[in-house]
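In the numbering used here, the protein residues as written are 892 to 1023.
Glycine included, C-beta positions come from ideal geometry on N, C-alpha and C.
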């Protein structure tokens, strides 16, 4: 019974956090002035959360049906990970890795991500059109 109550509490908290984030974020997209492109295999783009920053801060990915981004927490803190445009909100503990699906219907463009637990931890993902 306690486990169910704890699960419901966490679920309600995450849903409330997602609603608060959606209501309080700036809807404009931040485009980095001088983006630092990271050469990654398109089938396995990867973000690493460390203590108080993401690496890389700018990630370029190609969209394919079922394409995912790997997020690995190599820091000592638990981090939140939010991509408002993808309707994605999650929490990742130290040492964990998470796969995040890039919605195949997303248009090419720039999409911000951030940690809702640590202000200043943010970055941008550039989604490219898939080759035809």
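Just how far apart, CA to CA, sit residue i and residue j?
i            : j            : result
residue 961  : residue 987  : 10 Å
residue 945  : residue 1005 : 9 Å
residue 970  : residue 1013 : 11 Å
residue 1024 : residue 976  : Past the boundaries of the shown model lies residue 1024; the chain is included only from 892 to 1023, so the question cannot be answered.
residue 898  : residue 980  : 16 Å
residue 1016 : residue 959  : 12 Å
residue 948  : residue 900  : 32 Å
residue 1000 : residue 1008 : 26 Å
residue 963  : residue 937  : 8 Å
residue 1020 : residue 997  : 9 Å
residue 940  : residue 1003 : 15 Å
residue 1010 : residue 942  : 12 Å
residue 965  : residue 984  : 9 Å
Could you check what DSSP says for residue i in three-state terms: helix, strand or coil?
i            : result
residue 976  : helix
residue 1008 : coil
residue 998  : coil
For the beta strand (DSSP E) containing residue i, name the first residue and the last one.
i           : result
residue 988 : 988-992
residue 969 : From DSSP, residue 969 is part of no beta strand (DSSP E); its letter is neither H nor E.
residue 964 : 959-964
residue 856 : For the chain, the structure presents residues 892 to 1023; residue 856 sits outside this window and is missing.
residue 937 : 937-941
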